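Each residue of the sequence shown is one higher than the one before, starting from 17 at the first, in the working numbering.
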Amino acid sequence: MLVLIDNYDSFTYNLVQYFGELGADIKVFRNDQVTMNQLIALNPSHLVISPGPGEPLKDDGISSDAIKHFTGKIPVLGVCLGHQALGAVFGGKVDRAPRLMHGKTSPVTHNGQGIFKGIPSPFEAMRYHSLVVYDPIPAELEVTAITAEEEIMGLKHKEHHTYGVQFHPESILTEHGKQLLKNFLDLNPAPPAKGELFMLKPFIAKTINRTDLTSDEAEQAMNIIMTGQATPAQIGAYLVALRMKGETIPEITGSVRAMRANAVKVKLNTTEPVYDIVGTGGDGAHTFNISTAAAFVLAGTGRKVAKHGNRAASS
């Protein structure tokens with residue numbers, strides 16, 4: 017799940033729309049209408065800090081605290097005010113820009129790494145801001161993008177997937193903006209530090225006691241599993257307890273949301289139709305699964321087939 021902090025900006029839902037088109041499951045919160053405990057409980061896979069009016073640390077509500085907490089845990093992206101907040105959080109200087117840029121584009125040159133992977137350099141980017149992050153930047157950060165005038169347009173934490181962009185990737189006048197956002201979504205949460213594999217335990221205890229999980233709880237539990245934050249023993253205990261209790265529709269729905277959010281898209285190098293076949297499990301009759309047999313028959317006619325679940329025999 018991607019959490020987006022809305023700094024009361026008209027561009028916020030342009031970001032929401034782009035991320036939605038890219039397949040993200042998104043929750044949006046105004047910067048003064050959610051607590052850190054609530055954000056932590058959601059166990060998001062990605063955090064985005066929106067553009068907005070005003071100054072970082074002063075007018076961005078919970079945004080700066082969220083950047084501090086989630087840096088090093090999950091990918092973080094700050095846009096415009098969010099970018100400035102990233103600079104300010106680590107002690108950088110944010111002040112009036114030498115020139116106002118409202119509704120103007122500039123060529124942006126970048127390092128081609130991280131969120132800029134696969135994007136031409138330079139590219140045209142839309143700007144709406146009167147503040148900038150100034151050199152020298154904090155030691156923890158590095159500059160990833162600049163203008164011809166050497167204005168800082170991109171920042172990254174040197175060790176973590178925490179990024180800032182001064183321009184607006186969600187603007188239709190920013191070239192390759194959607195690709196930049198997709199690159200961000202493709203970043204994986206950081207692996208947990210040694211000794212921190214305990215996040216699944218509350219959900220194991222609840223299911224062992226035959227207490228149903230809410231849809232959000234099931235999503236959190238599955239996201240913990242999908243992002244490598246649980247041991248094999250914990251995963252086994254959770255799934256067995258869930259099976260013995262009996263899965264509910266909200267539990268299945270929440271789990272599916274987490275799996276979809278962490279799914280890896282496969283690009284097919286073909287223009288031909290691909291047929292998707294999936295069964296519902298074997299019948300224990302020690303024969304070929306019906307879905308497997310159907311896949312063979314269809315493939316025998318020359319069709320391209322995508323077959324799910326061939327990790328074990330269930331018939």
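Every residue, glycine too, gets a C-beta built ideally from N, C-alpha and C.
Everything numeric in this text was worked out from a predicted model, so none of it was measured.
query: With distances taken Cα to Cα, identify the nearest neighbour of P136 among K120, K43, L196, Y179.; result: L196
query: With DSSP as the reference, label I162 as helix, strand or coil.; result: strand
query: With which residues is F132 paired in a DSSP beta bridge?; result: According to DSSP, which records beta bridges pairwise, F132 is partnered with nothing at all.
query: Compare the C-alpha of L147 against each of R112, I241, A310 and name the closest.; result: R112
query: Ignore the nearest five residues each way along the sequence and tell me which others in G68's own chain have a CB closer than 6 angstroms to its CB.; result: N23, Y24, D25, L97
query: With a floor of 4 residues, list each alpha helix (DSSP H) that falls wholly inside the segment 261-310, ordered by position along the chain.; result: 265-278
query: Skipping 5 residues on each side, what residues in its chain have a beta carbon closer than 8 angstroms to that of V110?; result: E71, P72, Q100, G103, A104, L147, V148, V149, Y150
query: Quick one: residues in its chain with C-beta nearer than 6 angstroms to the C-beta of A322, no 5 flanking neighbours on either side, listed in chain order?; result: V290, D292
query: Please report the distance separating the alpha-carbon of N53 from that of D232.; result: 15 angstroms
query: Classify N199 as buried or exposed, calling it buried when 16 or more other Cβ atoms lie within 10 Å of its own Cβ.; result: buried
query: Exposed or buried, V294, counting other C-beta atoms within 10 Å across all chains shown (16 or more means buried)?; result: exposed
query: Between which residues of its own chain and G211 is the CB-CB distance below 8 angstroms, once the five residues before and five after are set aside?; result: Since pLDDT at G211 reaches only 49, below the 50 mark, its modelled position is unreliable, and no value is offered.
query: Where does L38 fall in DSSP's three states?; result: coil
query: So, are the CB atoms of L58 and M17 less than 8 angstroms apart?; result: yes
query: Considering Cα atoms alone, identify which of D48, Q49, N47, L20 is closest to F35.; result: L20
query: What's the C-alpha gap between A310 and R276?; result: 26 angstroms
query: Keeping to the same chain, check which residues put their C-beta closer than 6 angstroms to that of N127; ignore five residues upstream and five downstream.; result: T160
query: Can the beta-carbon of T125 be found less than 8 angstroms from the beta-carbon of L189?; result: no
query: By how many angstroms is the C-alpha of S307 removed from the C-alpha of V92?; result: 41 angstroms
query: Near F183, what residues of its chain come up, given a Cβ to Cβ distance below 7 angstroms and the 5 sequence neighbours on each side ignored?; result: V124, A141, M142, R143, M169, T190
query: Who are the Cβ neighbours of A315 in its own chain at under 8 angstroms, not counting the five residues just before and after it?; result: V321
query: Hey, which unbroken runs of the alpha helix (DSSP H) at 4 residues or more fall wholly within the segment 191-264?; result: 193-201, 217-224, 231-242, 248-261
query: Counting along the chain, where does the beta strand (DSSP E) carrying D111 start and finish?; result: 109-126
query: Is the distance from the Cβ of H62 to the Cβ of I83 below 8 angstroms?; result: no
query: Restricting to Cα atoms, I'd like to know which of I220, N239, S271, H302 is closest to Q250.; result: I220
query: Just verifying my parser: in three-state terms, what is the DSSP assignment at D81?; result: helix
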